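In what follows, a structure is listed as structure tokens, so that the remarks can point back to it.
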Amino acid sequence: MRLRLAILIAGLTSFISVSMEIMWIEIISYITKGHAGIFGAVLGLVLTGIALGSRYGYRKSKDQVSSSANLLPELLTLGATINFFGLIAILLWVKVHDAFVGLLFIQVVVVSYYLGAIFPVLCKLAVSDKEESVGQETSWIYAGNIIGSTAGPLFTGYVLMDNLSPAITICIMSGAALLLALIIINGNVDGIKKRLKDSIFVVTLILLIPIGYLTVLSTMMERFHFLSSFADWTSFRYQEHSRQGIITVLPRPKGADVFLGGGAYDGDVNTDPENNVNGITRCYMIGSMHRKPSKVLMIGLSTGSWAQVLANYKLIDSLTIVEIQPAYINLIKKYGEISPLLSNPKVKIIIDDGRRWMRRNQNEKFDFIVMNTTFHWREHSTNLLSIEFLRMAKNHLNEKGVMYWNTTGSKDVMYTAANAFKYVTSVANFVAASDAPFDMTKAEREKNYPYFFRNSVPAFEKNDSTRVIRNKLINAELPVLRDSLLKQNYWLITEDNMASEYKSGVWSRIMKFKNSF
């Protein structure tokens with residue numbers, strides 16, 4: 001085999017391999033709802049497969065050169081077949097029992113095994129026996145491998161993931177591997193009969209890909225979401241795919257649609273305090289925590305329900321929303337209850353990372369910062385829950401400003417808040433913190449609630465039920481919690497320990513035992 005061809009094959013193989021690794025991380029992260037550690041686990045499985053495959057390829061390449069040439073398309077075909085048809089089998093089996101989803105981890109290792117075996121085989125085929133050129137020629141093949149490994153994430157991440165679904169991307173990568181195998185068969189495999197036989201087999205597999213997509217893979221996200229509860233009639237209302245993640249929308253027969261960000265609950269499309277299916281009354285509690293929040297910062301947009309409530313609160317003059325996932329805007333446009341938010345003149349939506357935006361806009365100050373943060377155990381949650389971030393956000397508050405965010409039930413989040421602010425209180429599973437006391441009188445609270453509007457009318461004047469809700473919000477107790485929290489043996493979440501994501505129950509008990517002496 002010519003060296004240039006070997007370099008090209010090495011580049012294309014690594015391109016496909018790394019692209020599939022990205023897809024595996026995306027899919028498994030969705031299934032586990034973004035549980036911290038998935039990236040490392042999948043990467044470890046990929047590297048294990050590559051290491052074992054490289055050993056296998058090295059041993060096989062000790063055979064005659066002709067058999068090594070036959071081995072290349074075999075490895076590509078096996079990898080692509082297990083990647084595509086193995087995934088279809090898993091999707092069918094998970095309908096029988098949820099436990100079959102664990103086969104995904106085995107699939108990752110096996111596909112990486114076969115693709116990882118290709119590099120040493122290429123070296124055997126293309127590197128000459130001359131001692132003075134072995135190192136140079138091997139390095140050229142390795143350079144092709146590196147170029148493909150770099151191009152894969154760039155093209156797949158910035159083009160395919162932003163424009164195609166994970167299922168279609170998997171079809172493309174599997175088809176590309178089979179097509180590469182077909183080219184090698186017709187260019188390097190000896191024997192007309194064997195070339196014809198192998199070519200027919202590979203072409204058949206390529207033709208089966210669109211059939212597999214239409215019959216099974218097109219419903220991949222639903223199958224992985226519902227698992228054994230999946231039925232032919234179950235489907236998401238909408239799906240949005242981008243390099244920032246996957247958003248799916250689950251329809252409800254009665255009531256608001258549910259947004260799922262990366263497989264985890266994001267919220268319901270609802271601004272009605274009477275419905276309160278999404279705990280939207282927690283948002284209306286802002287009227288009892290700040291006398292006049294003229295300038296508000298919201299980190300995270302999601303369904304837009306909270307943002308719409310704040311945008312229709314007449315005491316707020318400007319609402320700045322920082323959201324890293326632009327696909328939410330595409331979904332919000334589909335809901336008449338929320339979509340007016342996008343054209344509201346006092347609302348500014350910025351597509352950026354919240355921390356990065358704060359660092360770049362250090363002079364921006366706000367009366368109120370609100371974050372309906374995701375579950376504390378999900379990957380990257382430390383970015384918004386750590387003591388370092390709270391101190392950064394605190395610098396963006398005006399005097400008597402309030403920060404208000406979702407603890408998702410974590411006492412460590414509450415404890416960390418108590419270490420950053422002088423006053424801490426709670427509303428359901430939310431924590432509110434400030435360097436000024438929460439001391440609004442009942443009369444001051446009553447004065448605020450007529451400024452909440454919904455559908456161009458006062459939100460709490462709809463009927464007796466909404467007036468009862470308003471009175472509960474006005475009379476809601478805001479307990480003083482800081483001193484009691486600081487006495488507890490909870491974790492201070494830092495960017496070093498990432499306790500909200502990686503703290504295990506066993507480790508937590510060990511630390512509590514240690515600190516008791």
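So the sequence shown is numbered by UniProt numbering: it starts at 1 and just counts up by one. Backbone N, C-alpha and C define an ideal beta-carbon position, used for all residues, glycine too. All values reported here derive from a predicted model rather than from experimental measurement.
For S242, there is no enclosing alpha helix (DSSP H); the enclosing beta strand (DSSP E) has its first and last residue at 238-242. Look at the beta carbons and you see the region 317-335 not touching the region 213-225: under three pairs across the two are nearer than 8 Å.
Cβ atoms of Y415 and I246 stay farther apart than 8 Å, at about 32 Å. Note that the region 15-35 touches the region 165-179; at least 3 beta-carbon pairs, one per stretch, sit closer than 8 Å. Excluding sequence positions up to five before and after F421, its CB lies within less than 8 Å of the CB of L390, K394, M403, A433, S434, D435, R482, all in the same chain and listed in chain order. Judged by DSSP in its simplified three-state form, R454 adopts strand. DSSP links L178 through a beta bridge to no other residue.
Nearest neighbour of N406 by Cα position, chosen from N419, L217, K333, F375, turns out to be F375. In this structure, DSSP gives E399 an extended state, which the three-state scheme calls strand.
Taking a 10 Å sphere around the C-beta of E501, we find 16 or more other C-beta atoms and assign the residue as buried. Inside the region 1-82, DSSP marks whole alpha helix (DSSP H) runs of 4 or more residues at positions 3-31, 38-60, from first to last along the chain. Excluding the 5 residues flanking it on each side, I329 has no same chain C-beta neighbour closer than 6 Å. Closest option to Y114, judged by alpha-carbon separation, among R359, S14, K292, E137: S14. Per the coordinates, the alpha-carbon of N497 lies some 29 Å from the alpha-carbon of K365. In the DSSP assignment, V258 falls within the beta strand (DSSP E) that extends over 258-261. S128 and L179 have their C-alpha atoms spaced approximately 27 Å apart. Scanning its chain for C-beta atoms nearer than 8 Å, with the 5 sequence neighbours on each side dropped, one finds around W357 the residues V322, I350, in chain order.
Sixteen is the threshold: since fewer than 16 other Cβ atoms of the shown chains lie within 10 Å of the Cβ of Y158, the residue is exposed. When rounded, the separation of the alpha-carbon atoms in G401 and D439 is 13 Å. Of the candidates Q136, Y58, A181, K346, the residue whose Cα lies closest to the Cα of L3 is Q136. By the neighbour-count criterion, in which 16 or more other beta carbons inside 10 Å mark a residue as buried, I316 falls on the buried side. One alpha carbon belongs to L331, the other to K60, and they sit about 52 Å apart. Spanning the alpha carbons of I299 and D266 requires a straight line of approximately 14 Å.
When DSSP reads this structure, K348 sits in a beta bridge with T320. With three or more CB-CB distances shorter than 8 Å, the region 286-299 counts as touching the region 446-454.
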